[in-house]
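J.: Chains as they are written, first to last, in the numbering used here: chain D, 19 to 237; chain Y, 19 to 237.
Right, here's the structure in full:
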């Protein structure tokens with residue numbers, strides 16, 4: 019659902035978007051919602067005909083910029099299938115979260131504190147320019163921050179300054195004001211935004227909505 | 019420093035405050051700042067003469083409500099010295115953080131994800147009514163939220179509804195508006211606020227100030 023929200027928005031902005039999957043035919047012929055309740059892809063495809071579905075390696079070859087919007091548990095396998103040669107030298111936006119829902123809500127993290135999924139992705143694909151971002155809010159807010167009133171913030175973390183500039187430009191296309199984008203530093207700072215997920219999912223339960231974000235309030 | 023900020027504020031509000039320490043004479047006779055740069059207690063005592071210094075068990079006997087403002091690594095020992103019999107049936111406000119600064123800034127947590135210091139304190143003192151709060155911001159903002167403009171939030175977590183009501187009243191005395199106090203649920207939710215510390219200390223570095231807090235922005 020997150021990938022579709024991003025793909026639809028990027029396509030609407032005029033970008034040429036390809037979504038990667040393991041098995042194109044299988045993805046297109048599914049008629050039931052998946053285990054998370056995501057409606058079948060074919061229906062979404064009809065409304066988003068400019069977005070092409072392709073195998074992971076084909077999507078990797080296509081992209082100038084690659085977005086990892088898989089579930090955290092499948093992230094590494096999806097990126098391996100995309101191919102390190104297709105990720106080398108490219109900006110890799112990572113918004114996957116290493117969540118374990120097996121104990122119910124709020125989920126636990128499978129990686130925390132001394133490592134992060136963002137760092138693991140960067141280590142596994144050392145030639146990719148990994149930028150962790152977008153992973154601290156609901157999909158609809160990621161691509162349309164004006165859904166919420168006033169000022170609220172988004173974070174970026176990564177080792178490459180140029181890659182972070184590219185991602186900042188992309189975020190401003192989504193509607194994020196430059197001054198609301200906070201650069202937390204190197205990819206190690208992915209720990210901060212991934213660990214914030216405990217607070218995020220706790221708030222989802224308490225507020226009974228996904229329609230919120232945090233704002234940093236300064237003196 | 020956090021304990022002093024709370025003690026000074028509570029005393030100013032008319033509460034009868036005792037600070038617990040291991041060795042009263044040693045605390046009073048120190049003339050050098052400690053390893054964190056905290057100035058010696060004696061100077062602060064002169065400006066806050068209404069706050070009495072006592073041994074941990076004497077402080078425990080005194081208090082109707084006990085605040086654990088120790089460093090996370092010393093929290094359990096300080097509470098054991100205070101005495102489980104002195105904590106039984108009382109509201110125990112826990113704002114200690116299980117931080118490990120040995121790897122530099124930002125610190126790591128020594129407990130995270132599958133447990134929290136708040137839960138450990140509640141398990142170690144099952145008859146205490148533990149409420150985790152105040153642990154997501156700088157000391158000066160804890161006791162005077164109006165230092166920051168507009169709306170920003172504070173969190174409470176604990177198993178006992180009455181204890182959370184008592185703590186909410188205390189927070190409103192500090193200046194927290196009722197609607198800015200978010201009850202995250204049981205003491206297990208201490209995980210959320212303790213894990214937020216990774217983001218907090220990352221932001222301290224990036225913003226180069228402790229003078230900030232987060233606000234939840236809703237649709």
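Ideal placement from N, C-alpha and C gives every residue a C-beta, glycine not left out.
To the nearest angstrom, how far is it from the Cα of residue 140 of chain Y to the Cα of residue 37 of chain Y?
T.: Those two C-alpha atoms are separated by around 21 Å.
J.: Going along the region 185–211 of chain D in order, which residues come within less than 8 Å of chain Y, judged by CB to CB distance?
T.: For the region 185–211 of chain D, which is checked against every Cβ of chain Y, the residues closer than 8 Å are 200, 201, 202, 203, 207, 209, 210, 211.
J.: I'd like the ranges of any alpha helix (DSSP H) spanning at least 4 consecutive residues and lying wholly in the region 62–86 of chain Y.
T.: Fully enclosed alpha helix (DSSP H) runs of 4 or longer: 74–80.
J.: So for residue 230 of chain Y, helix, strand or coil by DSSP?
T.: In the structure shown, residue 230 of chain Y sits in a strand (DSSP, three-state: E or B).
J.: Just to make sure I have the definition right: I need the residues of chain Y whose C-beta is within less than 8 Å of the C-beta of residue 130 of chain D. Which are they?
T.: The answer, in chain order, is 130, 131, 213.
J.: Residue 150 of chain D bridges to which residues according to DSSP?
T.: Residue 150 of chain D pairs with D/112, D/175.
J.: Just the chain D side, please: which residues come within less than 8 Å of residue 36 of chain Y by C-beta, in chain order?
T.: The contacting residues do not exist; residue 36 of chain Y stays about 32 Å from chain D at best.
J.: With a cut-off of 8 Å, do at least 3 Cβ pairs link the region 96–105 of chain Y to the region 173–184 of chain Y?
T.: No, the region 96–105 of chain Y is not in contact with the region 173–184 of chain Y.
J.: With 8 Å set as the bound, which would you pick, yes or no: does the beta-carbon of residue 167 of chain D sit closer than that to a beta-carbon of chain Y?
T.: Yes, residue 167 of chain D counts as interfacial toward chain Y.
J.: Do residue 25 of chain Y and residue 92 of chain Y have their C-beta atoms within less than 8 Å of each other?
T.: Their beta carbons are not under 8 Å apart, which means residue 25 of chain Y does not touch residue 92 of chain Y by this criterion.
J.: Is residue 231 of chain Y close to chain D, meaning its C-beta is less than 8 Å from at least one C-beta of that chain?
T.: With 8 Å as the cut-off, residue 231 of chain Y counts as an interface residue toward chain D.
J.: Is there a Cβ of chain D sitting closer than 8 Å to that of residue 139 of chain Y, yes or no?
T.: No, residue 139 of chain Y lies away from the interface with chain D (no Cβ there is under 8 Å from its Cβ).
J.: Candidates Y/181, Y/229, Y/154, Y/168: which alpha carbon is nearest residue 214 of chain D's?
T.: Closest by alpha carbon: Y/154.
J.: Touching or not, the region 148–163 of chain D and the region 192–208 of chain D, by the rule of three or more beta carbon pairs under 8 Å?
T.: Yes: the two stretches touch, three or more of their Cβ pairs being nearer than 8 Å.
J.: Using three-state DSSP, classify residue 185 of chain Y as helix, strand or coil.
T.: Looking at residue 185 of chain Y - three-state DSSP - the assignment turns out to be helix.
J.: In terms of alpha-carbon separation, which member of Y/142, Y/178, Y/81 lies closest to residue 204 of chain Y?
T.: Of Y/142, Y/178, Y/81, the residue nearest in Cα terms is Y/178.
J.: Between the Cα of residue 166 of chain Y and those of Y/88, Y/109, Y/193, Y/19, spot the shortest distance and give me the residue it belongs to.
T.: Out of Y/88, Y/109, Y/193, Y/19, Y/193 has the C-alpha closest to the C-alpha of residue 166 of chain Y.
J.: If you follow the alpha helix (DSSP H) that residue 139 of chain D is in, where does it begin and where does it stop?
T.: Note, residue 139 of chain D: alpha helix (DSSP H), 135–142.
J.: Below 9 Å on C-beta distance, what does residue 225 of chain Y contact in chain D?
T.: Within 9 Å Cβ-Cβ: 200, 234, 236.
J.: Which residue's Cα is closest to the Cα of residue 237 of chain Y: D/132, D/224, D/230, D/40?
T.: Among D/132, D/224, D/230, D/40, the Cα nearest to that of residue 237 of chain Y belongs to D/230.
J.: Considering residue 26 of chain Y, what are the terminal residues of the alpha helix (DSSP H) in which it resides?
T.: Taken as a continuous stretch (DSSP letters only), the alpha helix (DSSP H) holding residue 26 of chain Y covers 20–30.
J.: Given a cut-off of 8 Å, decide if residue 47 of chain Y and residue 90 of chain Y are closer than it, judged by their beta-carbon atoms.
T.: Contact: no.
J.: Would you say residue 27 of chain Y lies against chain D (beta-carbon separation less than 8 Å)?
T.: No, residue 27 of chain Y does not count as interfacial toward chain D.
J.: With a 10 Å radius around its C-beta and 16 neighbouring C-beta atoms as the bar for buried, classify residue 108 of chain Y as buried or exposed.
T.: Buried, by the Cβ-count rule.
J.: Does residue 166 of chain Y come out as helix, strand or coil in the three-state DSSP assignment?
T.: In the structure shown, residue 166 of chain Y sits in coil (DSSP, three-state: anything other than H, G, I, E or B).
J.: Classify residue 42 of chain D as helix, strand or coil using the three-state DSSP reduction.
T.: Residue 42 of chain D: helix per DSSP, three-state reduction.
J.: Kindly list, in the order they appear in chain Y, the residues whose Cβ is closer than 7 Å to that of residue 221 of chain D.
T.: Chain Y residues near residue 221 of chain D: 234.
J.: Taking C-alpha atoms, which residue in D/218, D/224, D/199, D/216 lies nearest to residue 225 of chain Y?
T.: Answer by Cα proximity: D/199.
J.: Check distances from the C-beta atoms of the region 108–132 of chain Y to those of chain D and list, in chain order, the residues that come in under 7 Å.
T.: Answer set for the region 108–132 of chain Y: 126, 127, 130, 131, 132.
J.: Cα separation between residue 163 of chain Y and residue 95 of chain D?
T.: Answer to the nearest angstrom: the Cα atoms are 46 Å apart.
J.: Would residue 160 of chain D pass as an interface residue toward chain Y - the criterion being a Cβ-Cβ separation below 8 Å?
T.: So no, residue 160 of chain D is outside the interface.
J.: For residue 152 of chain Y, which residues in the same chain have their Cβ closer than 6 Å to its Cβ, ignoring the five residues on either side in sequence?
T.: Correct list, in chain order: 113, 160.
J.: Which residue wins for smallest C-alpha separation from residue 3 of chain D, given the options D/201, D/168, D/221?
T.: Missing from the structure shown is residue 3 of chain D; chain D here goes from 19 to 237 and no further.
J.: With a Cβ-Cβ cutoff of 8 Å, do residue 131 of chain Y and residue 27 of chain D count as a contact?
T.: No; because the gap between Cβ atoms is not below 8 Å, this pair is not in contact.
J.: Would you identify the three-state DSSP class for residue 158 of chain D, choosing helix, strand or coil?
T.: Residue state, collapsed to three classes: helix.
J.: Suppose you measure from the CA of residue 29 of chain Y to the CA of residue 186 of chain Y; what does that come to, to the nearest Å?
T.: Their Cα atoms are separated by approximately 18 Å.
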